[in-house]
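Down below is the structure, laid out as structure tokens.
Residue numbers (my numbering): 872 to 997.
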């Protein structure tokens, strides 16, 4: 599997499929210590405007995969990739949970028809 080096690579990999969805979908990409993809997991499917995501559902497949790191990805069917206040809160919660588990959350990418938003590129994930 290839390694992911930046948000643009994640967008090229997942953007075409996710940008056309009519319901929010939340995926987690499990990565090894060299940022190579171990697996991609769909962890939640929501409605047109919301998706309930719990840390347990996000980290269970990462733990099974023995992932060293993860990239969170979800889509906005509205088309705008701008994160909502709920997206900001969720990213913070999941980053903290990852720290406790020893799984680094490298980025959270929001995909819409108008492009993507990267929390890392915007300085909201370190």
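A virtual CB, placed ideally from N, CA and C, is assigned to each residue, including glycine. Predicted, not measured: the structure shown is a model, and the values here were computed from it.
CB contact flag (residue 972, residue 942, <7 Å): Their beta carbons are not under 7 Å apart, which means residue 972 does not touch residue 942 by this criterion.
Classification of residue 993 by the beta-carbon crowding that lies within 10 angstroms, buried from 16 upward: Its Cβ having fewer than 16 others within 10 Å, residue 993 is exposed.
For residue 930, the three-state DSSP class (helix, strand or coil): Assignment of residue 930 by DSSP, reduced to helix, strand and coil, places it in the helix class.
Rounded C-alpha distance that separates residue 918 from residue 947: The straight-line gap from Cα to Cα measures roughly 10 Å.
Close beta carbons around residue 896, own chain, < 8 Å, minus the five adjacent residues each side: Annotation for residue 896: 889, 913, 915, 916, 917, 922, 945 and 946 place their beta carbon closer than 8 Å to its own, counting only its chain and skipping 5 residues before and after.
Start-to-end residues for the alpha helix (DSSP H) that takes in residue 888: 878-889 is the extent of the alpha helix (DSSP H) around residue 888.
Residue 933 burial status per 10 Å Cβ neighbour count (16 or more: buried): The residue in question, residue 933, is buried, as its Cβ has 16 or more Cβ neighbours within 10 Å.
Residue 972 in three-state terms, based on DSSP: Residue state, collapsed to three classes: helix.
Selection from 952, 930 and 878 that minimises the alpha carbon distance to residue 970: For the options 952, 930 and 878, the alpha carbon positioned closest to that of residue 970 is the one of 930.
Where residue 905 falls: helix, strand or coil (DSSP): Coil, per DSSP.
Unbroken beta strand (DSSP E) run spanning residue 999, endpoints: Nothing in the structure corresponds to residue 999, since the chain is present only between 872 and 997.
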